[in-house]
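Okay, so the sequence shown: first residue is 33 according to this note's numbering, each after it adds one.
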Amino acid sequence: MTETSSTLTTLAVDIGGSGVKVLLLDAAGQAIGDRTRIDTPQPATPTAIMAAILELAAGQGNFDRVSVGFPGVVRQGITKTAVNLDPSWIGFPLTDTLKHKLGKPVRTVNDADMQGLGAIAGQGVELVITLGTGFGSGLFLEGRLVPNLELGHHPFRKGQTYEEQLGRAAFDVIGKDKWNKRLQLAIATLDPLFNYDMLYLGGGNTKKIAFELPPQTQIVPNISGLLGGIALWQD
Ligand code: BGC
Numbered sequence: 033m034t035e036t037s038s039t040l041t042t043l044a045v046d047i048g049g050s051g052v053k054v055l056l057l058d059a060a061g062q063a064i065g066d067r068t069r070i071d072t073p074q075p076a077t078p079t080a081i082m083a084a085i086l087e088l089a090a091g092q093g094n095f096d097r098v099s100v101g102f103p104g105v106v107r108q109g110i111t112k113t114a115v116n117l118d119p120s121w122i123g124f125p126l127t128d129t130l131k132h133k134l135g136k137p138v139r140t141v142n143d144a145d146m147q148g149l150g151a152i153a154g155q156g157v158e159l160v161i162t163l164g165t166g167f168g169s170g171l172f173l174e175g176r177l178v179p180n181l182e183l184g185h186h187p188f189r190k191g192q193t194y195e196e197q198l199g200r201a202a203f204d205v206i207g208k209d210k211w212n213k214r215l216q217l218a219i220a221t222l223d224p225l226f227n228y229d230m231l232y233l234g235g236g237n238t239k240k241i242a243f244e245l246p247p248q249t250q251i252v253p254n255i256s257g258l259l260g261g262i263a264l265w266q267d
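Structure follows, in structure tokens:
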């Protein structure tokens with residue numbers, strides 16, 4: 033049978049600071065089977081993470097193409113920053129390397145951008161923040177991505193960035209109460225800056241949120257980070 037885009041399956045890969053995850057998607061972007069995960073190897077070098085992806089991919093059976101969410105700036109398939117991985121990622125040809133190793137077409141975007149693609153409604157200005165090891169951000173206008181918004185490394189308060197104040201390392205030091213207060217302040221700071229129609233909060237640490245969310249704010253399930261993989265092929 034000739035394969036058309038209506039039969040193609042996509043392996044979605046989410047490279048994170050604490051875990052590397054994969055999920056197989058059908059042509060409509062629905063999950064096929066279960067998400068699988070490996071702890072991010074330390075040091076988190078390209079070689080070690082490539083090996084983890086290959087192992088996870090082998091466990092998922094057949095797929096036609098691959099979508100990758102990477103925790104840093106990605107331009108034309110090359111990883112430009114990688115604050116929470118090994119510095120040897122800077123300038124690494126991720127898309128081409130994976131294409132060669134898996135023998136399938138590969139597309140790569142920033143992890144928060146991929147999460148947003150799996151969560152947004154495609155209406156107006158939509159901002160996505162991810163709360164995990166790092167502080168990720170994605171901005172969309174009428175469903176179109178403004179790539180590589182890096183709010184996490186922008187100054188927030190007391191001479192520190194959003195990521196320094198709200199990333200996993202900060203959470204572990206300051207604890208849940210203070211972290212929640214800071215997050216409330218961050219949302220109150222970002223709302224009048226972006227004037228978004230909707231703010232989506234994703235990432236593992238959303239389960240630590242202990243305040244009532246303001247209007248136009250919603251938590252998205254972690255799986256959106258992988259479900260967004262289908263959107264990379266909608267052209
Ligand atoms: C990176 C972002 C990434 C975020 C979440 C930050 O340190 O600079 O590109 O989206 O972490 O992984």
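Just so it is clear, CB atoms sit at the ideal spot from N, CA and C, and this is done for glycine as well.
Where the beta strand (DSSP E) through Ala59 begins and ends: Taking the sequence shown and counting its residues from 1, the one referred to as residue 59 is at position 27. Premise fails: Ala59 is in no beta strand (DSSP E) and is neither H nor E.
Which residues have their C-beta within less than 7 Å of a heavy atom of the ligand BGC, listed in chain order? Gly48, Gly49, Pro103, Gly104, Val105, Thr113, Val115, Asn116, Asn142, Asp143, Ala144, Thr162, Gly164, Thr165, Gly166, Phe167, Gly168, Ser169, Glu182, Gly184, His185, Glu195
Distance check for Lys190 and Leu258, CA to CA, integer angstroms please. In the sequence shown, residue 258 corresponds to position 226, counting from 1. In the sequence shown, residue 190 corresponds to position 158, counting from 1. Between Leu258 and Lys190, the C-alpha separation is close to 34 Å.
Please classify Leu43: does DSSP put it in a helix, a strand, or coil? The count along the sequence shown starts at 1 and reaches residue 43 at position 11. Strand.
Would you identify the three-state DSSP class for Ser160, choosing helix, strand or coil? Start at 1 with the first residue of the sequence shown, and residue 160 comes out as number 128. Note on residue identity: the sequence assigns Val, not Ser, to residue 160. In the structure shown, Val160 sits in a strand (DSSP, three-state: E or B).
Ignoring anything shorter than 4 residues, give me the alpha helix (DSSP H) runs that lie fully in the segment 92-167, in order along the chain. 126-134, 143-149
So is Asp267 buried or exposed if we call it buried at 16+ other beta carbons inside 10 Å? For the purposes of this step, residue 267 is taken as residue 235 along the sequence shown, with counting starting at 1. Classification for Asp267: exposed.
Going straight from the alpha carbon of Gly150 to that of Thr111, what length do you get? Residue numbering aside, residue 150 sits at position 118 when the sequence shown is read from its first letter. Residue numbering aside, residue 111 sits at position 79 when the sequence shown is read from its first letter. One C-alpha to the other measures close to 21 Å.
Just curious, the alpha helix (DSSP H) that Phe243 is in, first and last residue? Residue numbering aside, residue 243 sits at position 211 when the sequence shown is read from its first letter. Counting along the chain, Phe243 falls outside any alpha helix (DSSP H), and DSSP gives it neither H nor E.
Restricting to Cα atoms, I'd like to know which of Ala202, Glu174, Ile161 is closest to Glu182. Along the sequence shown, one-based indexing puts residue 182 at 150. Comparing Cα positions, the closest option is Ile161.
Contact between the segment 41-55 and the segment 85-98: three or more CB pairs below 8 Å? yes
Do the segment 70-80 and the segment 115-132 meet, that is, are 3 or more Cβ pairs less than 8 Å apart? yes
Could you give the distance in angstroms between the alpha-carbon of Asp96 and the alpha-carbon of Ile64? As a working mapping, residue 96 is identified with position 64 in the sequence shown. As a working mapping, residue 64 is identified with position 32 in the sequence shown. Between Asp96 and Ile64, the C-alpha separation is close to 13 Å.
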